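**Student:**
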Amino acid sequence: MSRSADRRATVVRAACAYDGVLSRSLLADLGADRRVVAREVADGRWATLGYRTVAVHTAPLSEHARRWRAIWEVGCGAALDGVTALDQAGLLGFAEYVIHVSVSHATRPQSVIGVRIQPGGPDAAEVLTNGIPRGPDSRGRNPSGRVGVHGPAGLSALGHAAAAATRLGRPAQRRRTSRRPPSATALIPEL
0 MSRSADRRAT
10 VVRAACAYDG
20 VLSRSLLADL
30 GADRRVVARE
40 VADGRWATLG
50 YRTVAVHTAP
60 LSEHARRWRA
70 IWEVGCGAAL
80 DGVTALDQAG
90 LLGFAEYVIH
100 VSVSHATRPQ
110 SVIGVRIQPG
120 GPDAAEVLTN
130 GIPRGPDSRG
140 RNPSGRVGVH
150 GPAGLSALGH
160 AAAAATRLGR
170 PAQRRRTSRR
180 PPSATALIPE
190 L
């Protein structure tokens, strides 16, 4: 087997963990520099998906691969957030085509097509890294102990669910209460 075919097989095996996409830095670690990537793309075997992401195939991307692409293209310690993080964590019925990604306030990421970038993401210590990086509210609880400060507009995972339910036409039911003060006879105990 030739050296290029051997390297290609190694890259494809590594890309299986990311559903067929790799970042350019991971490709460089595997020995595929920019010239190798350019040659594979020119030969029609691979496709570039932006500045930092390469698909080692030419088929349509899976949802998992699209999410990895969003993380790598945004860069800057990005993590899945909001509806996308809830869907990634396994919550059903919260899928949306746009991928929600959060970054820290200090970063200035480039915009990426198909990705909604939200400033004010979780601290690096709070990001879940088993699989695609995602914010802590995707587990339905907030590990920092602060109430309602994660995600867009300061919503916790419960807030995301309520906001999504409202957008889907299922307004939250509220208990009606009377604003009228109690009568004076109700306040005076019987003697």
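With numbering that gives the first Met the number 0, the residue at position 188 of the sequence shown is 187, and numbering never jumps.
Note that beta-carbon positions come from the ideal geometry of N, C-alpha and C, so glycine has one too.
Everything numeric in this text was worked out from a predicted model, so none of it was measured.
Apply the 10 Å Cβ neighbour rule to residue 109 and answer buried if 16 or more other Cβ atoms are within range, or exposed otherwise.
**Tutor:** The residue labelled residue 109 in the question sits at position 110 within the sequence shown. The residue is exposed, with fewer than 16 neighbouring Cβ atoms inside 10 Å.
**Student:** Label residue 65 either buried or exposed according to how many other C-beta atoms from any shown protein chain fall within 10 Å of its C-beta, with 16 as the threshold for buried.
**Tutor:** In the sequence shown, the residue the question calls residue 65 occupies position 66. Flag for residue 65 reads buried.
**Student:** Roughly how many angstroms separate the alpha carbons of residue 61 and residue 105, rounded to a whole number?
**Tutor:** Position 62 of the sequence shown, counting from 1, holds the residue named residue 61. Position 106 of the sequence shown, counting from 1, holds the residue named residue 105. So the two alpha carbons sit approximately 31 Å from each other.
**Student:** Pull up the distance between the alpha-carbon of residue 71 and that of residue 88, whole angstroms please.
**Tutor:** Walking along the sequence shown from the start, residue 71 turns up at place 72. Walking along the sequence shown from the start, residue 88 turns up at place 89. Spanning the two alpha carbons is a distance of roughly 19 Å.
**Student:** Measure how close the beta-carbons of residue 51 and residue 23 come, nearest whole angstrom, since I'm counting them as under 8 Å.
**Tutor:** On the sequence shown, residue 51 is found 52 positions in, with the first residue counted as 1. On the sequence shown, residue 23 is found 24 positions in, with the first residue counted as 1. Contact holds; Cβ gap of about 5 Å.
**Student:** Which residues in the same chain have their Cβ closer than 7 Å to the Cβ of residue 19, if we skip the five residues on either side of it in sequence?
**Tutor:** Within the sequence shown, numbered from 1, the residue matching residue 19 stands at position 20. Once the five neighbours on either side are set aside, the close Cβ partners of residue 19 are 54, 55, 56 and 64.
**Student:** What residue from 67, 113, 68 and 83 has the CA that sits closest to residue 94's CA?
**Tutor:** As a first step, residue 94 must be located in the sequence shown, where it is residue number 95. Minimum Cα distance to residue 94 is reached at 83.
**Student:** With a cut-off of 8 Å on the beta carbons, I'd call residue 77 and residue 100 a contact; round off their distance for me.
**Tutor:** Mapped onto the sequence shown, residue 77 falls at position 78. Mapped onto the sequence shown, residue 100 falls at position 101. Right, their Cβ atoms sit about 5 Å apart.
**Student:** Could you tell me the alpha carbon to alpha carbon distance between residue 153 and residue 69, rounded to whole angstroms?
**Tutor:** Reading the sequence shown from its first residue, position 154 is the one you call residue 153. Reading the sequence shown from its first residue, position 70 is the one you call residue 69. Caution is warranted here: a pLDDT of 44 is assigned to residue 153, below 50, making its placement in the model unreliable, and the coordinate value is therefore given only provisionally. The alpha-carbon atoms of residue 153 and residue 69 are separated by roughly 22 Å.
**Student:** So the alpha helix (DSSP H) residue 64 belongs to, where does it begin and stop?
**Tutor:** Position 65 of the sequence shown, counted from the first residue, corresponds to residue 64. It spans 62-73 - the alpha helix (DSSP H) in which residue 64 sits, taken as one unbroken run.
**Student:** Note the first and the last residue of the continuous beta strand (DSSP E) segment covering residue 54.
**Tutor:** Sequence index remark: in the sequence shown, residue 54 carries index 55 (1-based). Counting along the chain, the beta strand (DSSP E) containing residue 54 begins and ends at 52-54.
**Student:** Put residue 36 into one of helix, strand or coil per three-state DSSP.
**Tutor:** For the purposes of this step, residue 36 is taken as the residue at position 37 of the sequence shown. Helix at residue 36.
**Student:** Quick one: what's residue 46 bridged to in DSSP?
**Tutor:** Taking the first residue of the sequence shown as 1, we reach residue 46 at position 47. 54, per the DSSP bridge assignment.
**Student:** If we ignore side chains and look at the alpha-carbon of each, how far apart do residue 30 and residue 3 end up?
**Tutor:** The residue you call residue 30 lines up with position 31 of the sequence shown. The residue you call residue 3 lines up with position 4 of the sequence shown. Their backbone Cα atoms lie some 10 Å apart in a straight line.
**Student:** With DSSP as the reference, please indicate the residues paired to residue 78 in a beta bridge.
**Tutor:** As a first step, residue 78 is located in the sequence shown; it is residue number 79 there, counting from the start. Paired residues: 101.
**Student:** What residues match up with residue 115 in a beta bridge as DSSP calls it?
**Tutor:** What you label residue 115 is simply residue 116 of the sequence shown in a count that begins at 1. Residue 115 is bridged to 99.
**Student:** Considering only C-alpha positions, which residue in the set 112, 80 and 107 is nearest to residue 132?
**Tutor:** On the sequence shown, residue 132 is found 133 positions in, with the first residue counted as 1. Nearest of 112, 80 and 107 to residue 132, Cα basis: 80.
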